[in-house]
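Chemist: So the number in my numbering is just where the residue sits in the sequence shown, counting from 1, plus 2. One structure coming up, written as structure tokens, with questions to follow.
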Amino acid sequence: MLGVGPRTFTITGGTDSRVIGFTPVLGDATGGVTGLTLAEGGDTRLFRLYGVNTYTGLTLITRGILDVNQVANSIAGGFTSAATTGNIVFAATGTNRAILSLGLVSGDFTRSLGYGAGQVHWEGNGGFSNNLSASNVAVAATQNVNLGGAASQLTWGAGGFVPTGYLLQFGHAGSTGNTVSVQGAINFQNAIQLGTSSRTLDVASVDVAPSI
3 MLGVGPRTFT ITGGTDSRVI GFTPVLGDAT GGVTGLTLAE GGDTRLFRLY GVNTYTGLTL
63 ITRGILDVNQ VANSIAGGFT SAATTGNIVF AATGTNRAIL SLGLVSGDFT RSLGYGAGQV
123 HWEGNGGFSN NLSASNVAVA ATQNVNLGGA ASQLTWGAGG FVPTGYLLQF GHAGSTGNTV
183 SVQGAINFQN AIQLGTSSRT LDVASVDVAP SI
């Protein structure tokens, strides 16, 4: 999908416990970058990217599940510490959930923490799930999340990590009838300095409890 000037492709609405698939390639417009915003109407609504997208703007998740496990590099630059394109932002509010769903195809997530191109940061609630396959099977694989790739310690509320008062989230809930289910584990490898405030890990699952 191309055009003229900067633009944002925004996904809203959806249906609880149902998958929406998007096959076109989302690319930058002439004279400006393209961004993607996922702002679904419910926490169990899943948007699945099937294209090898080339857009270089923000990927902003304010509510819902963004499945990036169908093709490699469904978000331009990929998910490793070598990424130099775009920034992934988690920004759910209240008790809403903003989930990036990984898997065997997307691989481990090692983007560094920060606000620049090729990085990831939090402006609200958000986190990761591992949607291993479309079948309702027991956990059979683990995807690692290691921000920066060196297991460096993170500080809650600093440097782009989860702001004070917001939730670090894992897993997603939904209906197994439409394959919105958690099948694998997330191994979050960074130590976290919690500080003196109350912090919350929010873990959701429908059929198989996600390990973290």
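Just so it is clear, CB atoms sit at the ideal spot from N, CA and C, and this is done for glycine as well.
Tell whether a beta-carbon distance below 9 Å holds between alanine 94 and leucine 48.
Modeler: No.
Chemist: Could you please give the first and the last residue of the uninterrupted beta strand (DSSP E) stretch that includes glutamate 42?
Modeler: In the DSSP assignment, glutamate 42 falls within the unbroken beta strand (DSSP E) covering 36-42.
Chemist: My output table needs one value for isoleucine 214: the three-state DSSP class, helix, strand or coil.
Modeler: Caution applies to isoleucine 214, whose pLDDT of 48 falls short of 50 and renders its modelled position unreliable; the value that the coordinates give is listed next. Note: isoleucine 214 maps to coil in three-state DSSP.
Chemist: Helix, strand or coil for asparagine 111? Go by DSSP, reduced to three states.
Modeler: One detail in the question is off: residue 111 reads as phenylalanine in this sequence, not asparagine. In this structure, phenylalanine 111 counts as strand in the three-state DSSP scheme.
Chemist: Write down the C-beta distance between asparagine 71 and asparagine 133 rounded to the nearest angstrom, noting that I regard them as a contact closer than 8 Å.
Modeler: 6 Å
Chemist: So for phenylalanine 49, helix, strand or coil by DSSP?
Modeler: strand
Chemist: Taking valine 73 as the reference, which of Phe130, Thr82, Leu106 and Ala85 has the closest Cα?
Modeler: Leu106
Chemist: For a quick check, are the C-beta atoms of phenylalanine 92 and phenylalanine 111 less than 9 Å apart?
Modeler: no
Chemist: Relative to the alpha-carbon of threonine 56, which residue among Thr46, Gly43 and Thr86 has its alpha-carbon at the smallest distance?
Modeler: Measuring from the Cα of threonine 56, the nearest candidate turns out to be Thr86.
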